[in-house]
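Protein chains in written order, with our numbering: chain A, 268 to 561; chain B, 268 to 561; chain C, 268 to 561; chain D, 268 to 561. By construction, the Cβ of each residue, glycine as well, lies at the ideal position given by its N, Cα and C atoms. First comes the structure, then the notes that go with it.
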């Protein structure tokens, strides 16, 4: 069904995401390096955490006149700037289309929202595979023309199944994973394969109501606002770095069923916004927190 | 693709939407009428506009023990209560599934959002037909298994085409129309056939930026918040009764393109919330304003 | 400084707040009782919790033609309606101006906000006394012409001091207490004297970050939204029935100091909105949750 | 009443606000200039409008080791960088406390909010004078110990009075003016004396409901959200560059009086946030729009 073409014009740019100990002149050093080599900067944002003295930066520049060949940029940058300044850096090229796997269970709203954006060309991404622990959403995957794999996970076979899933991800050259209301906890071994590359949506305003049944808990507590939180998955349940959150008002009129309905709209938008930020390479993780550039 | 069953249990209830000049005892009269005839009230909300002295009410009750047969309720209510109290009232039965037509042009986000909810069983509605002035979204309609009709509208043939469209709506027993980013202005003649039954989404916080290119106008004006507005269509452009609005923050970082992207998420959620309220019979129109019950 | 007159016209009305097991006809019974006795209803809102089958209602009516003398209304209502229907009800008269005590520590923003509204006549309330465990805000109290009492509370003298404070409240005929960023925990014995009559503001989106230093905790967790919560004080810290909450966006740019600054604006508005709802008799508590009428 | 000391530690820094045609290397040039002269940068944010090719920047650096004496910084910067790069720049020193005049009419909520922050030390500002076209708020000014001047403006004497007001501002060395719900339109001649230095609060979500009685207009239109807008005053009414906006939900329950009450809380917070941004030198105006740094 990928019939609607991308809303974006193809870009031929590179992106650097950097964090390092703050010092005078880092920004000047990086921008000078790009300018001198004819790299026209089209995005630059930087942020200094002055309490921890950490410098964060995202810079994007055009490659068509850039003096250093793409395959050498990493090496040159590391030698001339990265290592001397003790940088932790990542380099991305926007002509590469990232490959994403979707994990779902029974609820279709996040899946539909993602597939709609995918089909409409809102995102530059490939979705070669959808994985589920239930059969229920297979028809949705099929109508959008995406391979659907059902794994019947039990406590006993979990290790074995995760091994098969990882194999499937590897074979499909998956760059990152999105848990679109996937109701299974991934093992630490699985998570380690995709550090800060598994995006989850939790249906509460974390850290309130972590774990199961957050709408029941919110209703029980009588809160006046409910929320949703998208975060990278770490080994501690619902405690990874938060990428995006949003909230909506509720009242005594809202039963658990109504909260669940209101929450669905929050969940799908918050998850999709987090995925979009991730795709744009605008999220940097440091010490279980994120820097999310504009 | 209607493979996922409804999230709602079937209800066998009736709904009354009422407005009338305010007087002492209206509420008591209505609830007594239902109680005496064994109608168990499961929803009641009422509101008095004390400036204009108008009473508004929505009441829903169970029919299975109700003493008056369904086909007689209207007559009895009108004779015993409606006429004596000068009420403007409407009666709905929840076992009837309303029939909705979608009008679209080229942008798919609202269409996808509505079809996803439809397929997921979020709404009790039938969507027999999608009408467009472009071919572009036919593949979307086809994948969801809904009939798609393309009308090539020009200034010259507009009257004739609208006649054909109205015929199509009539043949499909359409109850109400949703303009899901339909980029054509309907004639007064068309609108008169569906008074307060055509729901539009306008991509601004009305009454700011009515008319064409609201994101350009918002960018030009340098606003710090953008919005979307869903309203019933009347003969005055973008001036009908507002059902739902929402907003999101923006800044100098937001180009027209970025505003457009942010706005898409607003538009689809606001439109779908308005449609849901309409489907629940929770919207009452009076003097170009709405009362939207909880 | 009470030089600016009230923004409200004086009302001569009575308010009933009711909750009871739901049954057919409660609403009709109450409204009929008022109508028959020439009580013109100017506000009525009711809500049925259909899971727990509890009926909630707030009704306000004019007294000037009401057939039952004010001092007899409670008795008549209880005999004729309240006891037969097993109601839990409270009766208020709007010509009585409630008396509120303020407890503060060192932070002035909530205190200023409340005193500004008081002086501007936004609220119909009397504030005869401000109590603090510090001297710091005495000048603020003095400029607004309100008695300020400083109690030097220690772990050792807490019981004794609370006794003196309760005495002071009693002597001033205090109806309810507002903790405007009061940084002391009240004893259970104190709280029992004012059940659902002590309003606190907590500087987080409860139940996230209960207890001390919520902005530090929010910063540490890397949340993208912070909040404030106003609730009635119960014997469990920060766990009482929530009256009002609000939130604002934050980002990696926000240090603890900036979160604290942003939070101040939230705290003062949320607390004042909760106090206003309380003053209007629009808050009903049931099972550690609130029903807050419109 | 300025008895509560500032919440800020004194800073000895300089701030540059810059905009100019975008070119490669501007950022590097400015940061290199500061670094080479031992100016430790503690804040830097920059933004490029790629449609209009304009570069915007705010940079703040410590002066205590800076090689160029404060009184020479402007000259050196202009000669070496500003003129060659065609910059429009402004230089501020944070050890200078800006002087602000308040204009008010009859409504006290914005005035109270500003004076509370002033007294609490939230802002580094001096408020030597409050000017009004009514006597009503004199007691508020007096209690906060600020000089209050009443000018009885009529259509006839407007020119003369404005001359006196400007004289008063000049004598008090006023840097900028805040219209805290001042219900008079300033003449173009007055505005020209303080270009982008007069901050107004308008009680609607501009550009919706410009002009008089916006809450009446919002109620009449039946909007579901109301707003407030703070902007610099220009010669076109309510059309100057927007600094800050915020909104809150409303419904059919909200009479004009209730909208007015809800709006007061919006107005005071939005105005104070705009003033705070202005005081921090974080607002840059270009072509009737603002860039507001983080």
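Using beta-carbon distances, residue 536 of chain C counts as an interface residue toward chain D, with a partner under 8 Å.
Closer than 8 Å to the CB of residue 351 of chain D there is not a single CB belonging to chain B. By the rule that beta-carbons nearer than 8 Å mark a contact, residue 481 of chain B does not touch chain A. By the neighbour-count definition (other C-beta atoms within 10 Å, threshold 16), residue 431 of chain A is an exposed residue.
Buried is the label assigned to residue 489 of chain D, since at least 16 other Cβ atoms lie within 10 Å of its Cβ. With fewer than 16 neighbouring CB atoms inside 10 Å of its own CB, residue 347 of chain A falls in the exposed class. When DSSP assignments are scanned along the region 292 to 329 of chain B, the uninterrupted stretches of beta strand (DSSP E) that are 3 or more residues long and fall wholly within it turn out to be 308 to 316 and 321 to 329. With contacts defined as CB atoms closer than 8 Å, residue 495 of chain D and residue 469 of chain D qualify as a contacting pair. Under the Cβ criterion of 8 Å, residue 281 of chain B is not counted among the residues facing chain C. Legend: CB atoms of the region 354 to 380 of chain D lying less than 8 Å from CB atoms of chain C belong to residues 375, 376, 379 and 380.
In this chain, the beta strand (DSSP E) harbouring residue 469 of chain B covers 465 to 469. Looking at the DSSP output, residue 497 of chain C shares a beta bridge with C:468 and C:511.
Residue pairing by DSSP places residue 414 of chain C opposite C:396 in a beta bridge. Counting along the chain, residue 288 of chain D sits inside the beta strand (DSSP E) bounded by residues 280 to 288. Every unbroken stretch of the beta strand (DSSP E) spanning 3 or more residues and falling wholly within the region 319 to 383 of chain A is given here in chain order: 321 to 329, 355 to 360 and 366 to 371.
By the 16-neighbour rule on beta-carbons within 10 angstroms, residue 313 of chain A is buried.
Taking C-beta atoms under 8 Å as the contact rule, residue 304 of chain A and residue 322 of chain A fail to qualify, at a distance of about 21 Å. Within the region 502 to 529 of chain C, the residues whose Cβ lies closer than 7 Å to some Cβ of chain D are 520, listed in chain order. Only buried fits residue 380 of chain D, as 16 or more other CB atoms lie within 10 angstroms of its CB.
Taking a 10 Å sphere around the C-beta of residue 524 of chain B, we find fewer than 16 other C-beta atoms and assign the residue as exposed. Residue 557 of chain A: member of the beta strand (DSSP E) spanning 556 to 559, first to last residue. Contact between residue 466 of chain A and residue 510 of chain A holds: their C-beta atoms lie close to 7 Å from each other, under 8 Å.
Interface flag for residue 325 of chain C against chain D is unset, since no Cβ pair is found closer than 8 Å. If you look at residue 546 of chain C, you'll find it in the alpha helix (DSSP H) that goes 523 to 546. The CB of residue 334 of chain A never comes closer than 7 Å to any CB in chain D; the least such distance is about 13 Å. Taking a cut-off of 8 Å for Cβ pairs, the region 432 to 449 of chain B and the region 471 to 478 of chain B do not touch, as fewer than three such pairs fall below it. Going by C-alpha positions, residue 307 of chain D is about 16 Å away from residue 296 of chain A.
DSSP places residue 407 of chain D within a helical segment (H, G or I) once states are collapsed to three. In the three-state scheme derived from DSSP, where H, G and I count as helix and E and B as strand, residue 461 of chain A is classed as coil. Taking the CA atoms as reference points, residue 428 of chain D sits about 36 Å from residue 487 of chain D.
The C-alpha of residue 386 of chain C lies about 10 Å from the C-alpha of residue 393 of chain C. Chain-order list of chain D residues neighbouring residue 304 of chain A: empty, with the shortest C-beta distance near 11 Å, by a criterion of under 8 Å. If you draw a 10 Å sphere on the C-beta of residue 497 of chain C, you find 16 or more other C-beta atoms in it, and that means buried. Counting C-beta pairs closer than 8 Å gives fewer than three between the region 280 to 298 of chain D and the region 544 to 552 of chain A, which falls short of the contact rule.
Between the region 395 to 415 of chain C and the region 550 to 560 of chain C, the count of Cβ pairs shorter than 8 Å is below three; the stretches do not touch.
When the Cα atoms are used, residue 411 of chain C and residue 471 of chain C turn out to be separated by approximately 29 Å.
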